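Beneath this line is the structure, given in structure tokens, with notes to follow.
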Ligand SMILES: Cc1cc2nc3c(=O)[nH]c(=O)nc-3n(C[C@H](O)[C@H](O)[C@H](O)COP(=O)(O)OP(=O)(O)OC[C@H]3O[C@@H](n4cnc5c(N)ncnc54)[C@H](O)[C@@H]3O)c2cc1C
């Protein structure tokens, strides 16, 4: 991007909503990764649309992020614009049994709004540190629940500037997959269909899941959750464990000693450390089990020169 292009985008979102050269380690839960050339936090749909159409017209890369909780950004950072919807595009409205949430709303806030209104169906989501947009994109799920079970209409901004409402049948959900992974649509807002429930039972279920996460996962350490997807036959964490890889390290990256399915940043990891450790884990599991582990984390950006 040249300086004029950067200035034009800053004009759209306002000075207070733009940071040039902002380290992605500040915007991801893994806390690794080089800078976004221009990081912006749009406040409304119109700003999102204007930034995006300007980027498309000028061949500038534009990546949408939510809470950055499933991202591994390479050390050279992200050229172009990173548009973070979690900061200021995050309204939640409860209407009867339906919750309407903007893409940047955190799942934990939406799940709490559901509980407060005695709505059941979203308890699974409270401990997933993503946004509605990121969770629909990933079809995030846990403990038997996933976004596919509750997502009705999704309002999207298309690359031609139109806004479409995709209905329940059009999200193409399967395990950690949605149609949005192979489209350029930006998820703007979603309607979640829940059911009336018993408030105490909802609270108890959420507390139970919180406890299970605390006991089993390294939630106090920077990570992007499960590093690899669940393979067709078996569990990645169990295989990694059986290969004796628990606790193995490259630089500041470590296979968590609490849960082998997580790679954590022990404090000073680079993306290169994490990628090398992922390669090592995948190679050993492949040679011992003949199973190819596929990353669940989205690996983005460029290597450091
Ligand atoms: C401690 C921990 C525990 C976790 N536990 C779970 C778990 O139990 N289950 C689970 O499924 N995941 C889990 N995760 C992973 C992660 O939280 C989920 O994948 C989550 O849904 C990602 O949402 P996000 O907003 O952070 O997305 P981001 O990481 O910001 O983005 C993920 C992808 O979605 C795209 N995207 C985001 N928003 C939009 C949008 N509005 N429109 C179009 N594309 C968009 C991005 O471009 C990117 O490709 C965990 C992560 C951590 C750190």
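Residue numbers (the numbering used here): 28 to 332. Each residue gets a CB set at the ideal place from its N, CA and C atoms; glycine is no exception. These numbers come from a predicted model, not from an experiment.
Exercise for the section: Quick one: give me the first and last residue of the beta strand (DSSP E) that residue 253 is part of. Expected result: Its beta strand (DSSP E) spans residues 250–253.
Practice task
Determine which residues share a DSSP beta bridge with residue 220 and list them.
Solution key: DSSP links residue 220 through a beta bridge to 125.
Handout entry: Buried or exposed (CB count within 10 angstroms, at least 16 for buried), residue 68
Key = By the neighbour-count rule (16 or more Cβ atoms within 10 Å), residue 68 is buried.
Problem - Pair within 9 Å by beta-carbon distance, residue 96 and residue 157 - result: Going by C-beta atoms, residue 96 is nearer than 9 Å to residue 157.
Exercise for the section: Below 6 Å CB to CB, which residues in the same chain sit around residue 75 once its five sequence neighbours on both sides are set aside? Expected result: Beyond the five residues adjoining it in sequence on each side, residue 75 comes within less than 6 Å, by CB distance, of 69 in the same chain, given in chain order.
Problem - Cβ-based burial, residue 329 [other Cβ within 10 Å; buried from 16] - result: With a 10 Å radius around the Cβ and a threshold of 16 neighbouring Cβ atoms, residue 329 comes out exposed.
Exercise for the section: Taking residue 270 as the reference, give the member of 303, 221, 310, 279 with the closest Cα. Expected result: Closest option to residue 270, Cα to Cα, is 310.
Problem - residue 168 versus 78, 248, 204, residue with shortest Cα-Cα distance - result: Closest option to residue 168, Cα to Cα, is 204.
Practice task
Using three-state DSSP, classify residue 278 as helix, strand or coil.
Solution key: The answer is coil: DSSP assigns residue 278 none of H, G, I, E or B.
Problem - Through-space distance from residue 228 to residue 237, alpha-carbon basis - result: So the two alpha carbons sit approximately 14 Å from each other.
Practice task
For residue 203, verify whether its CB is less than 8 Å away from any heavy atom of ligand 1.
Solution key: Residue 203 has its Cβ nearer than 8 Å to a heavy atom of ligand 1.
Exercise for the section: Could you say if the segment 266–281 and the segment 71–91 meet the contact criterion of at least three C-beta pairs nearer than 8 Å? Expected result: The segment 266–281 vs the segment 71–91: no contact.
Problem - heavy atom of ligand 1 below 8 Å from residue 156 C-beta - result: At a cut-off of 8 Å, the beta-carbon of residue 156 counts as near ligand 1: some heavy atom of the ligand is closer than that.
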